[in-house]
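Working notes for the structure below.
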Amino acid sequence: MTTLSAEERQRLAESLASALKASSDAAQASSQAGTHASRQASDIEALLEGGERLALRGRELRSSVQELRDTLERGRLSTLNAALEGARLGEVAGKALLAMTDEVRSALGHGADVLDDHAARVGELERERERLLLALGPLADAARALASEAARAADRSRSQQGALAELALELRQGLGVDPELGGLVARASREAADLLDTLAALEARGAAEQALELRQRVAALIDAKSTDEP
Amino acid sequence: MSTHSPALPLNRAGVVVRIGGELRFLVAQAVRRFLPTPALSQIAGSDLTMALVDGQVLAIIAVGPRGSALTVCEVAGELVGLLGADPEAVGFFEADGSGVSYRGERAPALDVTELVRSSVRGAVVEREAHA
């Protein structure tokens, strides 16, 4: 069986601890990405459905525009029939009727022009909607593909996590390498180094007395802890 | 002092219609009414077209491309529909030859009686040709 020095064991434990943490982070990130992508795909689907509803409304609008156009045309023919009666009455007797029908026909003509304008705008809106739907289609496909890829990545990360956990168990049982302990030791080393840097900074700023006092307090704490242990 | 004869009126009452881009004039007495274009029925084995209007069967003469209105005229007490004669204006128009002047454009008179006669002649010739 291979034997490791304490230093090698610690290095291995630290590497294992950081690999476990990276794997856990990756699994979490993949899962979040998958959730976001799924939500985005759903949002785009909802927009596409909205587009279909707009198409339906567009068809209804076109139908009502046609109905209005027919109504205006019937109105125009009615005024022409009334004007015909006026023409038969003679130039003097029919004058008022002709003037009135002219005015009504002119108003109906204006209404028909406005209606044509509205119909043209409805047509423009319809074309714009079709362009949007054409652009949204590939986006929805891409979002669905991304969600599926993120789900696969999350699965792979979870598998890696499992494999690393098994490796950690084997190393703990076979070589006594404990990644949790290794992580704690690494953290304690970092914090001890930070403490020493802070004390050195205090001394550099002329607070040697305070620095000494802190060093004594730390030493006392370590002594007290050593005395407590059997 | 007017140079016009009292027998020739300055203005004529009637309808200016557009037939395939050209203006024509129909006297008010010849025109009965205007209707939205009805459903038309072709008489089998002939070029004649009929339409049911207010429960009455009308002979239809196509004078131009199908428009938005049917101009119903009366010829010798019978009603006939002109298809493709879209009414532009109704009222009194300045006389110009046999027709009128409308917005600076000449609108020659359309003789509906002659139109019916030539339509009937055409149908007879066709029937004989088929026979």
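Respectively, the protein sequence lines represent chains A and B. Numbered by my numbering, the letters in the first sequence go through residues 36 to 265 in order. Numbered by my numbering, the letters in the second sequence go through residues 59 to 189 in order. For every residue, glycine included, the Cβ atom is placed at its ideal position computed from N, Cα and C.
Backbone secondary structure at residue i - three-state DSSP
i              : result
T129 (chain B) : strand
L174 (chain A) : helix
V158 (chain B) : strand
A228 (chain A) : helix
A165 (chain B) : strand
R240 (chain A) : coil
R97 (chain A)  : helix
V212 (chain A) : coil
M59 (chain B)  : With a pLDDT of only 42 at M59 (chain B), under 50, the local geometry of the prediction cannot be trusted, and the value read off the model is given with reservation. In this structure, M59 (chain B) counts as coil in the three-state DSSP scheme.
S274 (chain A) : Here chain A covers residues 36 to 265 and nothing more, so residue 274 (chain A) does not appear.
G135 (chain B) : coil
R124 (chain B) : coil
E248 (chain A) : helix
Contacts around residue i, its chain only, beta-carbon distance under 7 Å, and the 5 residues preceding and following it disregarded
i              : result
S73 (chain A)  : A182
I13 (chain B)  : Residue 13 (chain B) is absent from the structure shown; chain B starts at 59 and stops at 189.
A175 (chain A) : A76, I79, E80, L83
T38 (chain A)  : none
Q100 (chain B) : T107
A54 (chain A)  : L199
R111 (chain A) : R140, L143
V133 (chain B) : V170, T171, V174
S156 (chain B) : P166, A167
S60 (chain B)  : Confidence is the limiting factor: at S60 (chain B) the pLDDT is only 42, short of 50, which leaves the residue's position unreliable, though a coordinate-based value still follows. So the list is empty, once near-sequence residues are dropped.
Neighbourhood of residue i by C-beta distance below 6 Å, restricted to the same chain and skipping five residues each side
i              : result
F150 (chain B) : N69, A71
A147 (chain B) : V74
L107 (chain A) : L143, G146, A147
A186 (chain A) : G69
D154 (chain B) : R164
R44 (chain A)  : V212
Residue i: contacting residues in chain A (beta-carbon distance under 8 Å)
i             : result
A86 (chain B) : L119, A122, R123
G72 (chain B) : A122
V89 (chain B) : L119
Where residue i meets chain A, residues with beta-carbon distance less than 7 Å
i              : result
F92 (chain B)  : L112, L115, N116
F150 (chain B) : A122, E126
P145 (chain B) : L115
For residue i, the residue or residues it bridges with in DSSP
i              : result
N69 (chain B)  : B:E152
I119 (chain B) : B:L140
I79 (chain A)  : According to DSSP, I79 (chain A) bridges with nothing at all.
Q100 (chain B) : B:T107
V75 (chain B)  : B:R82, B:P145
Q114 (chain B) : B:V111
G125 (chain A) : Note: G125 (chain A) sits in no beta bridge, so no partner.
R91 (chain B)  : B:V130
Own chain partners of residue i with C-beta closer than 8 Å, once the 5 adjacent residues on each side are dropped
i              : result
R164 (chain A) : G86, L89, A90, G93
C131 (chain B) : L84, A88, V89, R90, L137, V138, G139, L140, V170
L249 (chain A) : L234, L237
L98 (chain B)  : T107, M108, A109, I118, L141
H62 (chain B)  : Note that H62 (chain B) scores a pLDDT of 47, beneath 50, so its modelled location is shaky; the value from the coordinates is reported in the next line. Answer for H62 (chain B): L68, listed in chain order.
R252 (chain A) : none
Under 7 Å by beta carbon: chain B residues contacting residue i
i              : result
E108 (chain A) : P94, S126
Integer-rounded CB distance, given that residue j should sit under 8 Å from residue i
i              : j              : result
L132 (chain A) : G125 (chain A) : Their Cβ separation, rounded to whole angstroms, is 11 Å, which puts L132 (chain A) and G125 (chain A) out of contact at 8 Å.
V149 (chain A) : V100 (chain A) : The Cβ separation is near 11 Å, so there is no contact.
P209 (chain A) : E49 (chain A)  : The identity of residue 209 (chain A) in the sequence shown is Gly, whereas the question assumes Pro. The Cβ separation is near 18 Å, so there is no contact.
G213 (chain A) : R207 (chain A) : With the sequence shown as reference, residue 213 (chain A) is identified as Asp, and Gly is not the correct amino acid for it. So it is a contact: roughly 5 Å between Cβ atoms.
Q196 (chain A) : S66 (chain A)  : Wrong, their Cβ atoms sit about 12 Å apart, outside the cutoff.
P190 (chain B) : A127 (chain B) : No statement about residue 190 (chain B) is possible, as the shown extent of chain B runs from 59 to 189 and does not include it.
A41 (chain A)  : S192 (chain A) : A41 (chain A) to S192 (chain A), Cβ: 32 Å. No contact.
Within chain B, partners of residue i - CB distance below 8 Å
i              : result
L133 (chain A) : V148, G149, F150
Partner residues on chain A for residue i, Cβ-Cβ distance less than 9 Å
i              : result
P123 (chain B) : Simply none; closest approach about 17 Å.
Contact test: residue i Cβ vs the ligand SAM heavy atom, cutoff 8 Å
i              : result
A175 (chain A) : You won't find the ligand SAM in this model; it holds no ligand whatsoever.
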